[in-house]
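Protein chains in written order, with our numbering: chain A, 3 to 325; chain B, 3 to 325.
And the structure:
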């Protein structure tokens, strides 16, 4: 079995050899640009690792691994239009570089290219893989719609938020591992378990992402406080709202658009509320619960423990834990 | 075998019973709205008629017939954003009614719903059907991109124009009949022939559409001259440009945006040029050539002539010919 670094380079090579027609240029150039933009290749890695739990032959899973990565990049392309986002992974977004119409249409072509890759799935698994892929893809759209709905909603509950990120973030991870497991020949019960594993991992990952945006992470050197300045309804904000009294809620609701405060002061004011309400610890607790639950599901598979070592390593490194 | 009217109502019933989740409403309501908007159901009709040439059992082709109609409506949804079109089939477009972000995302979900329907294709044909569907879908995107490219191009040749409409209009008809033939169990040579039949029919249909926009059709009661007022590069305009001397070209290029003329005068001026250059007759000739070629391909199939009667009738009625 390949190391995780080797797997990553197999994925990069497979994606790089995918050839797109040269014409019409404005349809296909943005697809190559988007796929060459890097990223962690998290979803194809999960798919191949899930396949590898049950089979030593990862070749039958390669097209599907590429398909989930192409699909993921398609969602980013269209999300950037909807969010009016000009940058993506340190480069101009397709939307910013080529304009809205090109981003819509090349995004559509990219979604179709993902299905094109599924043509190469072994015939006996094709129907199951297509069905799993479609469910996953629709769930991601549902999650994106709920996320946009939340922007205009005054009150979002923790339950609603968790449901949204389960669709927007976890569904793609859950679909990827399920497809990987199917292509590795996993029994149905293990497919279902791995699905739950990835769902919990995705929730832990998203909550950690929310936490790091406000409290930072030296390793990533990420700008701190972006979510607070946008007034985004993150897990932190929603948890704080649900614990705060009315005057404190008003602070949480209005600080980001308070014209008398500079950015630093806005971030400090909101974080002071978070700290007072113990939000960082509550979030960490939730992350821990989800992550531990994910790992314990891995233990319950019908395979010998050593077959899940790679997946466990990958999950830990994804969450920034030392292996 | 059902009459063409019966087939149409089978398609309408099948589409009407497709249930979409109620939530999130802004994702799924536009899909139902779009599919209930009517239209000729041209593509599923062609798919079922192609299947019916080879088999009396159309049931296995129903999901794919619905899929090509859902796909077609998806393209309209996104095209309306790109073209800034506020009306569609006499009702506000999804874009106009719900806004751009909803139109992008529910369009994406609709494209995925088309693939969802393909899950129901008989397993032994699934790979071929998926591959044909993907090729068709990408060609439609390519056609739309070329169409947008042409808006900014000063010179478009007749050859380039025919290539564009072959992708934008014919590809979907060609894909539909190919899938129908495959699901009817047609031999490969007949699949290829039907593909060419639909390609020629699509070209004839599009050229007739171009002609009717400027020269009208009492049966449709369509507004006359819309293409001229938009300065659109139609078959008529491109043919006229290729036959005109430079001063006449200048008239063709500038009349639609001439502020000293009212709409009626603009239309009259451009049509006077068309008439002088014999453009209507040249267009009719081209329509005739394509349509006759399509019908003669039908004659060359390996089936008894009576099996193609329905398809012939449908093609003739599509072109407004008496049966």
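Ideal Cβ placement from N, Cα and C applies to all residues, glycine included.
- Under a 10 Å Cβ-count criterion, residue 159 of chain B is classified as exposed, with fewer than 16 other Cβ atoms of the shown protein chains found around its own Cβ.
- Annotation: the continuous alpha helix (DSSP H) that includes residue 212 of chain B extends over 190–217.
- With distances taken between CA atoms, residue 191 of chain B lies nearest to B/302 out of B/9, B/302, B/73.
- Here residue 154 of chain A is exposed. Its C-beta has fewer than 16 other C-beta atoms within 10 Å.
- Excluding sequence positions up to five before and after residue 228 of chain A, its CB lies within less than 7 angstroms of the CB of 215, all in the same chain and listed in chain order.
- Here residue 253 of chain B really is in contact with residue 275 of chain B; their C-beta atoms are around 6 angstroms apart, less than 8 angstroms.
- For residue 249 of chain B and residue 305 of chain B, the gap between their C-alpha atoms comes out near 54 angstroms.
- Not flagged as an interface residue toward chain B: residue 314 of chain A, since no C-beta distance is shorter than 8 angstroms.
- Pairing residue 239 of chain B with residue 205 of chain B gives a Cβ-Cβ distance that is not under 8 angstroms.
- Within the same chain, and ignoring the five residues on either side of residue 127 of chain A in sequence, the residues whose Cβ sits closer than 7 angstroms to its Cβ are 184, 185.
- Here residue 119 of chain B is actually not in contact with residue 179 of chain B; their C-beta atoms are around 17 angstroms apart, not less than 8 angstroms.
- Proximity of the stretch 137–156 of chain A to the stretch 45–57 of chain A falls short of the contact definition, fewer than three beta-carbon pairs being nearer than 8 angstroms.
- In this structure, residue 110 of chain A keeps its C-beta atom at 8 angstroms or more from the C-beta atom of residue 74 of chain B.
- CA-to-CA, the gap between residue 169 of chain A and residue 300 of chain B works out to about 48 angstroms.
- Our two residues, residue 264 of chain A and residue 138 of chain B, have alpha carbons roughly 53 angstroms apart in a direct line.
- Residue contact with chain B for residue 75 of chain A: absent (no Cβ-Cβ distance below 8 angstroms to any residue of chain B).
- Distance from residue 33 of chain A to residue 143 of chain B at the Cβ level is roughly 11 angstroms; contact not present, criterion being Cβ atoms closer than 8 angstroms.
- Secondary structure at residue 283 of chain A: helix, using DSSP grouped into helix, strand and coil.
- Neighbours of residue 58 of chain B in chain A, taken as residues whose beta carbon is under 7 angstroms from its own, are absent, since the nearest beta carbon is some 25 angstroms off.
- Cβ neighbours of residue 219 of chain A within its own chain (closer than 8 angstroms, five residues either side excluded): 322.
- Taking residue 287 of chain A as reference, the option from A/213, A/102, A/21 with the minimal CA-CA separation is A/213.
- For residue 189 of chain B, same chain residues with a beta-carbon under 7 angstroms away, outside a window of 5 residues either side, are 304 in chain order.
- Look at the beta carbons and you see the stretch 79–99 of chain A not touching the stretch 19–28 of chain A: under three pairs across the two are nearer than 8 angstroms.
- Neighbours of residue 129 of chain A in chain B, taken as residues at a C-beta separation under 7 angstroms, are given in chain order as 121, 125, 128.
- Look at the stretch 129–146 of chain A: the residues with a C-beta under 7 angstroms from a C-beta of chain B are 129, 132, 133, 136, 139, 140, 143, 144, 146.
- Residue state for residue 89 of chain B is assigned as strand, using DSSP reduced to three classes.
- Collapsing the DSSP output to three states places residue 94 of chain A in a strand.
- The beta carbon of residue 26 of chain A falls within 8 angstroms of a beta carbon belonging to chain B, placing the residue at that interface.
- Here residue 64 of chain B is near residue 16 of chain B, since their CB atoms are less than 8 angstroms apart.
- Judged by their CB atoms, residue 209 of chain B and residue 245 of chain B are not nearer to each other than the 8 angstroms cut-off.
- When 9 angstroms is used as the limit between beta carbons, residue 111 of chain B is near these residues of chain A: 139, 140, 143, 144, 147, in chain order.
- Contact between residue 199 of chain B and residue 320 of chain B is ruled out by a C-beta separation of about 12 angstroms, above the 8 angstroms threshold.
- Annotation for residue 260 of chain B: 268 place their beta carbon closer than 7 angstroms to its own, counting only its chain and skipping 5 residues before and after.
- For residue 29 of chain A, the nearest beta carbon of chain B is closer than 8 angstroms to its own beta carbon.
- By a beta-carbon distance limit of 8 angstroms, residue 146 of chain A contacts residue 107 of chain B. Their separation comes to about 6 angstroms.
- Here the alpha carbon of residue 271 of chain B sits roughly 29 angstroms from the alpha carbon of residue 291 of chain B.
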